[in-house]
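In what follows, a structure is listed as structure tokens, so that the remarks can point back to it.
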Amino acid sequence: MKVWTVANQKGGVGKTTSAVSLGGLLSLYGKKTLLIDMDPHGSMTTYFGQDPDQVETSVYSLFERSAEKTPCQPRQVIQQTGFAHLDLIPASSAMVSLDRQFSTRDGMGLVVKRALQEIRNDYDYVLLDCPPMMGISMVNALAACDHVIIPVQTEFLAIKGLERLQHTLQMIARSHKPVLSYTVVPTMYDRRTRASIESLKYLGDHFRANLFPGFVPVDTLFREASRELTPLTILRPSCRGSLAYDRLLDFMFKQEQSSPELRQSA
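This note's numbering puts the first residue of the sequence shown at 30, with every later residue one more than the last.
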């Protein structure tokens, strides 16, 4: 089982879109895939037609049971999305209180990692969608994963979020063995704007060793897909946005074959 965390310490850069799109593609390829919504805003949960204010079991259940020392099987919180080979652990809006409730308790940074160990034979891939701030949710997502995917909107404020996350990964590297590998993915690229062109060049100049050699373009069909509650890569697999994620997934597969870090299992 491979675990990919989708993260950036800035909102609105395409994290949920990236996780959902890649998850949809993996499921189309017959890979058993689990999506986990780590964000209390619950964008991924809403994407699949659920209300984060109403869900009865969620990622929050794992933390709650862990704090109570009560066994909680992760299979009890996994839900079907209605798409073959694609399951979901939804978020609850109660997750907004995670740091206040559990930040001082021992072991709360490894709740998700321990849960995934229980189901490591059930899935080929797990993708975690993170909130844009450092806290228990992101700590868990980074501790549980083999590789970090960092979507970066091609504008300079989003690049600042990437730089903050890169600093976070460097801090984690002091205690995490092996060091977490990551891939930077330029998103929302619009070749008509100077901001996109200059930002893409900046990423190439400063992050080339970890940069996906492509980009995800602006595509209004992503909004249409969210209204249809369907990953765009399933709804419209031949559109330019879907093809961009198909190229990204192909790149990730090739990286797995060539990189010992990406070949490791969770």
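Backbone N, C-alpha and C define an ideal beta-carbon position, used for all residues, glycine too.
- Taking all protein chains shown into account, decide if K283 is buried (16 or more other Cβ within 10 angstroms of its Cβ) or exposed. exposed
- CA-to-CA distance, L198 to I188, given in whole angstroms: 15 Å
- Start and end of the alpha helix (DSSP H) containing L117? That residue, L117, is in no alpha helix (DSSP H); its beta strand (DSSP E) goes 115–118.
- Query: In three-state DSSP terms, what is G40?
  - Reply: coil
- Task: Indicate the three-state DSSP secondary structure (helix, strand or coil) for L209 in the structure shown.
- Result: coil
- Rounded C-beta distance between G71 and P103? I'm assuming under 8 Å. With a Cβ gap of about 18 Å, G71 and P103 do not count as contacting.
- Query: Given a threshold of 16 other Cβ atoms within 10 Å of its Cβ, counted over all protein chains shown, does P160 qualify as buried or as exposed?
  - Reply: buried
- Message: What would DSSP say about Y58, mapped onto helix, strand or coil?
- Response: coil
- Task: Assign R292 to one of two classes, buried (16 or more other C-beta atoms within 10 Å of its C-beta) or exposed (fewer than that).
- Result: Because the pLDDT of R292 is 49, which lies under 50, any placement of that residue in the model is unreliable, and the question is left without a value.
- Task: State the Cα-Cα distance for the pair K230 and K98, rounded to the nearest angstrom.
- Result: 50 Å
- Item | Whole-Å CB distance - H114 paired with G59, under 8 Å assumed | 6 Å
- Identify whether G164 lies in helix, strand or coil by the three-state DSSP scheme. coil
- When you compare each of Q108, R276, M67 to S50 by their alpha carbons, which one comes out closest? R276
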